[in-house]
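What follows is a short report on a single structure.
Residue numbers (this note's numbering), protein chains in the order written: chain A, 1 to 342; chain B, 1001 to 1619.
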């Protein structure tokens, strides 16, 4: 590949980096919408229409809002002009009445700021709901086991998304790419018919295949290590990076060996890629459904709660890699024989 | 391999139109047969086995759950009931111990629950654990309360969520501000007319049994998944817009990304097959048989493309039926399909190997997906969202109508770029181009050169300049979407710089191609004529396309930057001409390196021109 294509790679990564903070907010909010609330410490103007109630006091006591008593129609028009962020209409139902208290909430459609305001309003609504439950407590027959959870300033939804989802998937991405790469490399030899030329030298098919497998495997800890380094530079510390890299390399080696076998069997790029991609989806789904799977172990290593199961899993993966490697050697020798005869 | 007796020989039909259609149909049939023959014999049995395995594994995963985040947090508690409560969440490893040894600060636990009170370790992990704990507890409380006899004592508060639409355009003062100016002390007063809103009724109007049933179903569905399926379905829950506070989950504008996953990704994968099919023709000169068939090149290209267009339309139609959406959403998808296929064709013809192909196609798909997705985030919020056809789909799913004019604005650039790319591909679909390998930039230059006619160089330059306009517009629209939401002077300046350089590079494309092909052609006089022809073409193309662009964009200050619609027409022409002269003479004097310097210089001139005329806005 000439340098121009590498330039495209760099431009692409710059493009993604440009949007990275945007992407981060977007992705985290997709995973956990409440995380948006942590993003601003501003007092929002909201309109309160209807009858006075303890809810008005709750809103006033919350330091996220500045409350304005308005008439409903005026309030909605102000909302449309974006001078208010939300309008609530409160009925005159008593706190201990048999009927429910139905509050109408008006907010802007599809608006990001509206979403932030809604999330903050949710906290006040939950508090008011608890007050109402207290007022009606004689009528509630079953009470849940009481656990007092202190309210949190700011949100930590980010943590679980990053360590529990992003990091395991991110460090396995180089492995998947390497597996696809090794298929391209091997099928290329067959399709451009360069394999026969190579084999007329003292090089054997097995050596060619192992060379390509080795190159692709070495790429994996290099790329995954770069990702971990960038993450730690970005103030996302990862525990046990060496052990994580070891796990990732062994698991990727398994994928790469499987890909090499598929490539040797089909000897043609489209078919090999198609079969391998489908098989990969099946394998990943299956692996994710087993407890103590490699991705889970990586998540646990990253947060520091792995324990001895990590070593057992590593040993199991190592044994599987050895077996698959031996099978690949046999297959490659078979392919050599077929080349000479067929 | 390709010619078989039953398929008939193309080029031998009765009448010109019938034979063209017959030829296209024949080539389409060959293409389909070829693609399926790849998947026969070895692959089909394995594909079936894998598919069966996929179904089995999905069932297994649904039953066993996804164990991705097991054992992340450590929870210590002294109460057996509490331990039983939280051990159902596999993210927690629960330890039972006596109250005195449970402290959040000793580093053994991330969160402890002692005598009914929860406390988190003072680390980021502890805070995350506490938050997950809080959510699990809220879910548990809900399951208890849903079974209460007096439902309105357990759920005394209900929220009726009403949305109000308020669309921004480029003249709104709120543009580019994340936080509005600090408000005055008193209550704000409305500026526009006040529409009377009826007082809402204080009752729910739904029986407690219906509420209980709905609460049970909504607590069972995974809220993280249902947010996205709700974008697609127009299913209304029995309770309509009524929610308990716990269920208040604001629909986010990013939710439209589900549309990208559903509609755009399958298009991307299908166009990959087309790309690989083109690439396969080029390896080992296999396409020679196809090229020797006595039909015109456009027929070959249309024929090869037809199965993929029909396939993509079928997939989109199937998906539309599955999500029970109005069929009109297929209309904005058609230009997107053609755009993807046109790019797949050109990328397949440009790349030297499968590695380069994968690489360039990933780059292209990232940029194309961003172009489609980012404006649609602002659907219902800002008029700029109409740049993307995806917005039309979002609007249709929400039940908002859009006009033919909206369709034109959103899709005209896709149609035009697809047509230009097909023309470029058709004029280069010959042996010399297909069976050779060249690095990326020289190959692109060759393609352009293939479209230039030596006999009429000035006319060709004119046409090339007009043809680059849709691409320039697309790039500038992308720039607009990226920059417009920044605070005011900065967004304008960035857009000016970006637009200027994109235009200068596009203008130089034709002259550069001719120059490299034949340096001796450009005497000083001919160079001046060439610059004039290109400048004229560029200007005319710009004005033509303006008719099809959003009036709201062109009349705004951003429109002034992009389209130079500042009244007098000879002034922009002079600008284009002058910038081109600078760049072209730099090319002639110093060769290719000079061209780069020339383009930078021309870009700077262009920027200063814009900045001079738009000073009022920047101050």
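Virtual Cβ for every residue (Gly too), placed ideally from N, Cα, C.
For residue 1119 of chain B, the beta-bridge partners assigned by DSSP are B:1112. Within the stretch 173-205 of chain A, 180, 181, 184, 185, 187, 188, 191, 192 and 193 place their CB atoms closer than 9 Å to a CB of chain B, listed in sequence order. In this structure, residue 256 of chain A lies near residue 182 of chain A, with their beta-carbon atoms less than 7 Å apart. Pairing residue 1355 of chain B with residue 106 of chain A, the inter-Cα distance amounts to about 53 Å.
Annotation: residue 1388 of chain B to residue 1418 of chain B spans about 15 Å, alpha carbon to alpha carbon. Here the stretch 237-246 of chain A does not lie against the stretch 1020-1027 of chain B, with fewer than 3 beta-carbon pairs under 8 Å apart.
For residue 68 of chain A, the chain B residues whose Cβ falls inside 7 Å of its Cβ are 1187, in order along the chain. Within 7 Å of the CB of residue 1152 of chain B, the CB atoms of chain A belong to 98, 99 and 100, in sequence order along the chain. Neighbourhood of residue 1074 of chain B in chain A, by CB distance below 7 Å: 305, in chain order.
DSSP places residue 1160 of chain B in no alpha helix (DSSP H) but in the uninterrupted beta strand (DSSP E) bounded by 1157-1164.
Its Cα nearest to that of residue 270 of chain A, the residue A:186 stands out among A:186, A:170, A:121 and A:104.
Sixteen is the threshold: since fewer than 16 other Cβ atoms of the shown chains lie within 10 Å of the Cβ of residue 1544 of chain B, the residue is exposed. Within the stretch 79-156 of chain A, the runs of alpha helix (DSSP H) that reach at least 4 residues and sit entirely inside it are, in chain order, 112-135.
Distances from the alpha-carbon of residue 1103 of chain B to those of B:1302, B:1118 and B:1386 put B:1118 closest.
Distance check between residue 1245 of chain B and each of A:273, A:178, A:320 and A:132 places A:132 closest, using alpha-carbon atoms only.
Spatial neighbours of residue 1324 of chain B in its own chain (CB-CB distance under 6 Å, excluding positions within 5 residues in sequence) are not present.
When beta bridges are read from the DSSP output, residue 1079 of chain B appears opposite no residue. If you look at residue 45 of chain A, you'll find it in the beta strand (DSSP E) that goes 44-50. With a threshold of 16 other beta carbon atoms within 10 Å, residue 1071 of chain B meets it and is buried. For the 7 Å CB-CB criterion, residue 89 of chain A and residue 1200 of chain B form a contact. Between the alpha carbons of residue 135 of chain A and residue 1148 of chain B lies a gap of roughly 16 Å. Taking every protein chain shown into account, the CB of residue 1584 of chain B has 16 or more other CB atoms within 10 angstroms, so this residue is buried. Around residue 124 of chain A, the same chain offers 58, 59 and 62 as residues with beta carbons nearer than 7 Å, after the five sequence neighbours per side are excluded. The criterion of a C-beta distance shorter than 7 Å is not satisfied by residue 214 of chain A and residue 261 of chain A. The beta carbons of residue 1111 of chain B and residue 1096 of chain B sit no closer together than 7 Å.
Below the 7 Å Cβ cutoff, chain B contributes 1200 as neighbours of residue 89 of chain A, in chain order. In summary, the residues of the stretch 277-307 of chain A whose CB is separated from some CB of chain B by less than 7 Å are 278, 279, 281, 282, 285, 286, 288, 289, 290, 291, 293, 295, 296, 299, 300, 303 and 305, in the order they occur in the chain.
Not flagged as an interface residue toward chain B: residue 316 of chain A, since no C-beta distance is shorter than 7 Å. Between the C-alpha atoms of residue 253 of chain A and residue 184 of chain A there is a straight-line separation of about 16 Å.
By the neighbour-count definition (other C-beta atoms within 10 Å, threshold 16), residue 1279 of chain B is a buried residue.
Counting only the Cα atoms, residue 1321 of chain B lies some 36 Å from residue 179 of chain A. Annotation for residue 1473 of chain B: the continuous alpha helix (DSSP H) segment containing it runs 1457-1483. Sixteen is the threshold: when 16 or more other Cβ atoms of the shown chains lie within 10 Å of the Cβ of residue 1460 of chain B, as they do, the residue is buried.
Sixteen is the threshold: when 16 or more other Cβ atoms of the shown chains lie within 10 Å of the Cβ of residue 118 of chain A, as they do, the residue is buried.
In terms of beta-carbon proximity, residue 164 of chain A lines the interface with chain B, with at least one pair separated by less than 7 Å.
Between residue 193 of chain A and residue 1456 of chain B, the alpha-carbon positions lie close to 44 Å from each other.
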